[in-house]
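Undergrad: Can you keep this structure in mind? I'll have questions shortly.
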Amino acid sequence: MNIILLISDTFRHDNLLGRAAMPVRTPSLDAFARRAVSMTRFYTGSFPTIPQRTDLISGRTGWPWYGWQDLSASTRNALPRLLGAHGFVSQLICDCPHLFNSGFQKVFDAAMALRGQEGDMPLLRMNHDFAEIMPRAKTRKGHHFQGRTLVDLHRWTNRNWRLETDCFPPRTAATAVEFLEESSGFSPFFLWVDFFDPHEPWDPPEYMVRRYDPDYTGAPMMHPNYGRASDYTPEELRNLRAHYCAEGELVDRWVGRVLQKIDDLALWDSSIVIFTTDHGMSLGEHARTGKSNINDGDDRFWPIYPEVAHIPFMVAAPGLAGGREVDALAQPADILPTLADLAGLTLETPEPLHGRSFAPHLRGESADPIRDVAISAGFLRAGQGIGPCATTPVVYTPEWAYAPIGAHGERELYRLADDLYAERNVLTDDPGVADDLHQRMLDELRAIEAPAEAVAALAG
Numbered sequence: 001m002n003i004i005l006l007i008s009d010t011f012r013h014d015n016l017l018g019r020a021a022m023p024v025r026t027p028s029l030d031a032f033a034r035r036a037v038s039m040t041r042f043y044t045g046s047f048p049t050i051p052q053r054t055d056l057i058s059g060r061t062g063w064p065w066y067g068w069q070d071l072s073a074s075t076r077n078a079l080p081r082l083l084g085a086h087g088f089v090s091q092l093i094c095d096c097p098h099l100f101n102s103g104f105q106k107v108f109d110a111a112m113a114l115r116g117q118e119g120d121m122p123l124l125r126m127n128h129d130f131a132e133i134m135p136r137a138k139t140r141k142g143h144h145f146q147g148r149t150l151v152d153l154h155r156w157t158n159r160n161w162r163l164e165t166d167c168f169p170p171r172t173a174a175t176a177v178e179f180l181e182e183s184s185g186f187s188p189f190f191l192w193v194d195f196f197d198p199h200e201p202w203d204p205p206e207y208m209v210r211r212y213d214p215d216y217t218g219a220p221m222m223h224p225n226y227g228r229a230s231d232y233t234p235e236e237l238r239n240l241r242a243h244y245c246a247e248g249e250l251v252d253r254w255v256g257r258v259l260q261k262i263d264d265l266a267l268w269d270s271s272i273v274i275f276t277t278d279h280g281m282s283l284g285e286h287a288r289t290g291k292s293n294i295n296d297g298d299d300r301f302w303p304i305y306p307e308v309a310h311i312p313f314m315v316a317a318p319g320l321a322g323g324r325e326v327d328a329l330a331q332p333a334d335i336l337p338t339l340a341d342l343a344g345l346t347l348e349t350p351e352p353l354h355g356r357s358f359a360p361h362l363r364g365e366s367a368d369p370i371r372d373v374a375i376s377a378g379f380l381r382a383g384q385g386i387g388p389c390a391t392t393p394v395v396y397t398p399e400w401a402y403a404p405i406g407a408h409g410e411r412e413l414y415r416l417a418d419d420l421y422a423e424r425n426v427l428t429d430d431p432g433v434a435d436d437l438h439q440r441m442l443d444e445l446r447a448i449e450a451p452a453e454a455v456a457a458l459a460g
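Residue numbers (this note's numbering): 1 to 460.
Structure below.
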């Protein structure tokens with residue numbers, strides 16, 4: 001049984017099936033949803049990029065222990081190596097620069113990185129001038145090469161792009177297709193394809209952007225400010241969302257090429273195929289643009305609200321009835337044990353798993369809860385407490401979202417059944433529910449034997 005894992009960074013749950021306020025065209029993934037089983041209450045765990053992938057590859061929840069660091073410093077569990085003990089060969093293909101920077105390639109048999117995303121510079125070309133793509137006041141602050149913004153640096157590094165096929169999703173997909181054509185005769189293999197898009201900067205072909213915002217005439221809003229949405233005019237905010245949507249459409253198109261190649265090679269009956277992401281993105285919700293607060297002009301805490309925490313997870317595999325939805329809480333740490341169950345493997349892990357298999361739910365054999373709560377959180381640094389502007393945890397159940405430290409430092413509670421994006425705080429109506437969720441959060445931390453300082457930071 002092969003395993004093909006397709007990850008797209010920053011891909012919101014509501015991108016699929018026309019759910020978003022500005023609907024994204026995702027025909028390829030919508031078609032995959034009809035073949036796959038979808039987990040409708042899948043939430044990110046450790047936040048953001050590398051911590052989430054570490055949860056996935058290790059089957060453990062990392063955020064109480066560590067943040068963004070090298071994989072080898074975080075865990076001794078590594079899914080590719082665990083599968084290798086059962087005869088799998090493993091291949092990593094990615095254009096996410098952070099995977100190689102964090103040592104993920106070291107646990108695969110082979111790994112290929114497509115260079116140049118975000119601030120990654122494979123080759124300097126100093127004879128070429130920089131251009132200011134969008135005003136500095138409208139984009140993410142930070143100190144980058146020669147004082148440039150990330151969006152300007154990204155465009156300078158990739159200045160020779162002319163065609164859609166020059167963009168990263170087509171090139172990453174083409175590399176994945178090459179692997180499948182060259183290796184489909186061998187089984188079992190584990191293929192991890194990591195598309196960094198639609199992570200910002202959002203630079204799809206302009207004709208895609210125009211589909212979503214045909215009348216805009218200002219500077220292109222290609223990178224959020226990671227701060228207050230009020231920094232943008234209504235027209236600029238719409239254009240920011242249009243760039244994100246167009247980038248999501250571009251990813252869908254080229255993920256579709258990989259899915260088509262799986263079909264061409266008749267691999268569906270011998271493969272587990274997954275599509276998921278690490279987190280979403282605020283595009284004006286909660287008066288925020290970005291996924292975390294990196295802006296001197298915003299003094300709020302940033303709880304991991306649903307537009308960031310709620311993520312897609314779809315899996316197709318032999319024996320699973322396609323087109324079904326499973327309405328149960330699950331998180332990235334649950335993926336490793338689930339894959340082992342689906343593949344019929346017993347994995348000997350160096351460290352105990354925190355994840356719970358939801359394979360019985362995918363098969364329709366169980367409707368029991370997988371998790372009591374899902375906690376989306378970033379690392380709480382020991383001894384430092386929770387400082388201003390921090391990303392703060394949110395506790396999810398099928399009915400509720402609870403933030404122990406809300407945007408202004410006070411607790412927040414949201415009833416998700418009629419408030420999908422957690423916009424109406426009902427804490428004063430149901431304080432007992434918040435108390436219960438707070439205790440369940442602490443119980444979950446103690447169940448995984450989280451460090452005492454992490455528990456204390458949230459105990460209140």
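The C-beta atom is built at its ideal place from N, Cα and C for all residues, glycine as well.
How would you write the range of the beta strand (DSSP E) that ARG440 sits in, first residue to last?
TA: No beta strand (DSSP E) holds ARG440; the alpha helix (DSSP H) holding it covers 431–447.
Undergrad: Which same chain residues end up closer than 6 Å to ILE311 when comparing Cβ atoms and leaving out the 5 residues on each side of it in sequence?
TA: Counting only Cβ-Cβ distances below 6 Å, and skipping sequence neighbours, we find HIS13, PHE42, THR44, THR277.
Undergrad: Expressed to the nearest angstrom, what Euclidean distance is found between the alpha-carbon atoms of ILE405 and GLU412?
TA: So the alpha carbons of these two residues sit roughly 7 Å apart.
Undergrad: Got a sec, what are the start and stop residues for the beta strand (DSSP E) THR40 sits in?
TA: Per DSSP, THR40 belongs to the beta strand (DSSP E) from 37–42.
Undergrad: Applying the 10 Å Cβ sphere with the 16-neighbour rule, what's the burial state of GLN146?
TA: By the 10 Å Cβ count, GLN146 comes out exposed.
Undergrad: Output yes or no for whether 8 Å exceeds the beta carbon distance between PHE168 and GLN91.
TA: Not in contact: PHE168 and GLN91 (Cβ atoms no closer than 8 Å).
Undergrad: Can you tell me which of ASP430, THR54, TRP400 puts its alpha carbon nearest to the alpha carbon of ASP419?
TA: For the residues ASP430, THR54, TRP400, the minimum Cα distance to ASP419 belongs to TRP400.
Undergrad: Looking only at its chain, what residues have a beta carbon closer than 7 Å to the beta carbon of ARG363, apart from the 5 residues adjacent to it on each side?
TA: If we look at ARG363 and ignore the five residues flanking it on each side, its Cβ neighbours are GLY319, LEU320.
Undergrad: By the DSSP assignment, the beta strand (DSSP E) with ARG415 in it spans what residues?
TA: Looking at the DSSP string, the run of the beta strand (DSSP E) that includes ARG415 is 412–415.
Undergrad: Can you give the Cα-Cα distance for VAL373 and ASP436, rounded to whole angstroms?
TA: So the alpha carbons of these two residues sit roughly 11 Å apart.
Undergrad: Could you tell me if ASN470 is buried or exposed, where buried requires 16 or more neighbouring beta carbons within 10 angstroms of its beta carbon?
TA: Absent from the structure is residue 470, since the part of the chain shown begins at 1 and ends at 460.
Undergrad: Determine the closest residue to GLU164 out of GLU453, ALA229, VAL209, with distance taken between C-alpha atoms.
TA: Among GLU453, ALA229, VAL209, the Cα nearest to that of GLU164 belongs to VAL209.
Undergrad: At the level of alpha carbons, what is the spacing between ALA382 and ALA316?
TA: Any reading at ALA382 needs caution, since the residue's pLDDT is 48, under 50, leaving its predicted position unreliable; the model's value is listed next. Distance between the alpha carbons of ALA382 and ALA316 is about 40 Å.
Undergrad: Residues in its own chain within less than 7 Å of PRO157 by CB, not counting five upstream and five downstream?
TA: Checking the sequence shown, residue 157 turns out to be Thr, not Pro. Counting only Cβ-Cβ distances below 7 Å, and skipping sequence neighbours, we find GLY116, MET121.
Undergrad: Out of ASN239, LEU353, GLU423, MET221, which has the shortest C-alpha to C-alpha gap to HIS286?
TA: Taking only the C-alpha atoms, the option nearest HIS286 is GLU423.
Undergrad: Determine the extent of the alpha helix (DSSP H) in which GLU206 is found, giving its start and end residues.
TA: Taken as a continuous stretch (DSSP letters only), the alpha helix (DSSP H) holding GLU206 covers 206–212.
Undergrad: Looking only at its own chain, which residues have a Cβ that is under 6 Å from the Cβ of ALA176, when we skip the five neighbours before and after it?
TA: Around ALA176: ILE93, VAL193, VAL258.
Undergrad: Does GLN439 pass the burial test, meaning 16 or more other C-beta atoms within 10 Å, or should it be called exposed?
TA: With fewer than 16 other Cβ atoms within 10 Å, it is exposed.
Undergrad: Excluding five sequence neighbours on each side, which residues of the same chain lie with their C-beta closer than 7 Å to the C-beta of ILE448?
TA: So the list reads THR61, HIS354, once near-sequence residues are dropped.
Undergrad: With burial defined as no fewer than 16 other Cβ atoms inside 10 Å of the residue's Cβ, what is the status of LEU123: buried or exposed?
TA: Exposed: under 16 other Cβ atoms inside 10 Å.
Undergrad: From what residue to what residue does the beta strand (DSSP E) around ARG288 run?
TA: Its beta strand (DSSP E) spans residues 288–290.
Undergrad: What do you get for PHE186, buried or exposed, if any count of 16 or more other CB atoms within 10 angstroms of its CB means buried?
TA: PHE186 should be labelled exposed.
Undergrad: Below 8 Å between beta carbons: does that hold for ALA31 and LEU16?
TA: No, these two residues do not count as a Cβ contact at 8 Å.
Undergrad: Near LYS106, what residues of its chain come up, given a Cβ to Cβ distance below 8 Å and the 5 sequence neighbours on each side ignored?
TA: These residues qualify, in order along the chain: LEU71, SER72.
Undergrad: State the beta-bridge partners of MET314 as determined by DSSP.
TA: Note: MET314 sits in a beta bridge opposite SER38, PHE275.
Undergrad: Give the DSSP-derived three-state secondary structure of GLY383 in the structure shown.
TA: Any reading at GLY383 must be qualified, since the residue scores a pLDDT of 46, below 50, and its modelled position is unreliable; the value itself is stated next. Three-state DSSP puts GLY383 in coil, outside helix and strand.
Undergrad: So, is PRO357 buried or exposed, given that buried needs 16 or more other C-beta atoms within 10 angstroms?
TA: Reading the sequence as shown, one finds Ser at residue 357 and not Pro. The residue is buried, with at least 16 neighbouring Cβ atoms inside 10 Å.
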